[in-house]
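Note sheet for the following structure.
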Amino acid sequence: MNKFSLFATLLLTVPAYTLLNAQASASDQTWKLDQSTLTYHMSHPMHEVDGTSHAALGTGKCHAGQCDFLVAVAVKSFDSGDSNRDLHMIQTTRGAQFPYVQVRFRLSQASLNASTLDCDLEVQFAGNTANYSHVTFQQTVQGASHHITGVVPSTVSDFKIDPPTFLTIPIKNAIPVRVDMVWHAE
Amino acid sequence: MEIQGRTWAGVTRVLIGGLCFTILCAVPGRLAAQISQQQGIQVASSKAETLTLPDAPLPVVVTKSALNRGNTLSSGSSLLTHAQNQPPSNGPSLSDLGLSPADTEGSAARQALMDRRTHMLKIHQRLGLITVIPVAAACISSAGAPPEKGNYSDTTSRDIHVALGATAVAMYAATASYAIRAPRVSHEPARGGVKWHKYLIYIHAPGMVLTPILGAMAYNQISSGQKVHGIASAHGAVAAATAASYGAAILAVSWPIHIKF
């Protein structure tokens, strides 16, 4: 009887341990940014400008049901179609001193497959940090690829940037950044 | 026989003298070349030594927040950048993205250079726009510059045109000087409107030199009671082309314009 109970216990324990171990390894997940298109929009009474970067880098680490993400993009990688304007943008945003825009956010691992992601973003840019709460992104999951789109409602004043002027008229404060990214779990 | 001997002696003296002269001329030259070569090597080696010398240790500045995190920040201009690059939580850091500190480290010196460039180009832009006024005024006043019905004595309107033209050229030179002296921060080819802005320099810059020269020639011809003739008669056409290309250069950097209030 004792032998039988020991054998039964072993039989139950081994699969349970294996299952728990599998869950633990699944929770420690790493995400990688595959493709990205980030586009800022600048408005001026005489100009409408879009600057695009495809050079964002991103990673995410999941642990204990929480995933921390980091996206970084070089300020100089944004292209508005005019080299002089891009250089002026780098100067205005202190891009030589602070070459990377960094965005950090945390999501629960359970929400990673949801069609809408509600993120609290911490954005470091131009030597300043701004927080944006409840920024929603739309997500489409196709196989292993997670396609995410949305808009970060950033403004010039959030980062204490002196708005550039043209003919003494400053640009509008709002600089929304359109986000289009494809992530996959490694 | 004696005469022949004297001749030979003279020739020999001349040859010896010439040889000495050649040696005297050539040796200092070679010596100077050798010395300069040696000096060059010495300078090069001293430069190499200077380049290979290790940097003096810089004072380490530790901020309060860095102390809290147990991180040490480097000194100088990159202090803020390093502070910026610290992850706020236990989340991923820039190094997890494959970026080295050299990639993410900013340069206050480069930022200062960019600030200086922008400052100078802003003055260039402002002066350029102000220069439109004397250029336009010179174009308008040109209507009264030619002598009316053979009246070569009345020079008032012509003098006004000359004064406005001279002002336009002087302000143009000042405007150009700010663009020329602005530090270059990128060696990539220009893209967009600024490319056309630069191309148009090849029209309005020679035009701004030629126009006053031709104008002065025309002025002298009129002052001496002659009709404007020869190359001076191109003054108006050159001025018009210059003013048009100048206006186009301003539009090029402002294009495309979408007026929306």
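Protein chains in written order, with the working numbering: chain V, 23 to 208; chain W, 746 to 1006.
Each residue gets a CB set at the ideal place from its N, CA and C atoms; glycine is no exception.
Legend entry - Chain-ordered neighbours of S902(W) on chain V, where CB pairs are closer than 8 Å: In chain order: nothing, as chain V lies at least about 33 Å away.
Inset, instruction - Measure the alpha-carbon distance for Q51(V) versus K83(V) and round it to whole angstroms. - result: 6 Å
Legend entry - Between the CA atoms of L134(V) and H156(V) - distance to the nearest angstrom: 15 Å
Legend entry - Start-to-end residues for the alpha helix (DSSP H) that takes in N135(V): N135(V) -> no alpha helix (DSSP H), and no H or E assigned at all.
Inset, instruction - Could you spell out where the beta strand (DSSP E) holding D202(V) opens and where it closes? - result: 199-207
Inset, instruction - Give a yes or no on whether the minimum CB-CB distance between L842(W) and chain V is below 8 Å. - result: yes
Legend entry - Backbone CA spacing between R126(V) and D142(V) [nearest angstrom]: 8 Å
Legend entry - Three-state secondary structure (DSSP) of D72(V): strand
Inset, instruction - Under 9 Å between beta-carbons, which chain W residues line up against L92(V)? List them in chain order, please. - result: P832, G836, P837, S838, L839, D841, L842
Legend entry - When L92(V), T187(V), T162(V), P198(V) are compared against D841(W), the one with the closest alpha-carbon: L92(V)
Legend entry - Delimiting residues of the alpha helix (DSSP H) encompassing K867(W): 853-886
Legend entry - Nearest candidate by alpha-carbon position, reference V907(W), set T920(W), P928(W), I958(W): I958(W)
Inset, instruction - Taking only the alpha-carbon atoms, compute the straight-line gap between P892(W) and Q971(W) and give it to the nearest angstrom. - result: 10 Å
Inset, instruction - Output the distance between the C-alpha atoms of P185(V) and R107(V), rounded to the nearest integer angstrom. - result: 13 Å
Legend entry - Status (buried if at least 16 other CB within 10 Å, exposed otherwise) for D899(W): exposed
Inset, instruction - Using a Cβ-Cβ cut-off of less than 7 Å, list which residues of the stretch 131-163 of chain V approach chain W; keep chain order. - result: E144, Q146, G149
Legend entry - Members of the stretch 848-861 of chain W near chain V, C-beta cut-off 9 Å: D848, T849, E850, G851, S852, A853, A854, R855, Q856, A857, L858, M859, D860
Inset, instruction - Could you check what DSSP says for G774(W) in three-state terms: helix, strand or coil? - result: Here G774(W) scores only 39 on pLDDT, less than 50, and its place in the model should not be relied on; the value that follows carries that caveat. Looking at G774(W) - three-state DSSP - the assignment turns out to be helix.
Inset, instruction - For chain V, find out if any of its Cβ atoms is closer than 8 Å to the Cβ of G938(W); answer yes or no. - result: yes
Inset, instruction - Flag this pair as yes or no: are the beta carbons of A241(V) and V95(V) separated by less than 8 Å? - result: With chain V covering only 23 through 208, there is no way to say anything about residue 241(V).
Inset, instruction - Check whether the Cβ of S931(W) lies closer than 8 Å to any Cβ atom in chain V. - result: yes
Inset, instruction - Might you give, ordered along the chain, the residues of its own chain that have their beta carbon closer than 6 Å to the beta carbon of S137(V), omitting 5 neighbours on each side? - result: Q161
Inset, instruction - Name, in chain order, the residues that DSSP records as bridge partners for H63(V). - result: D72(V)
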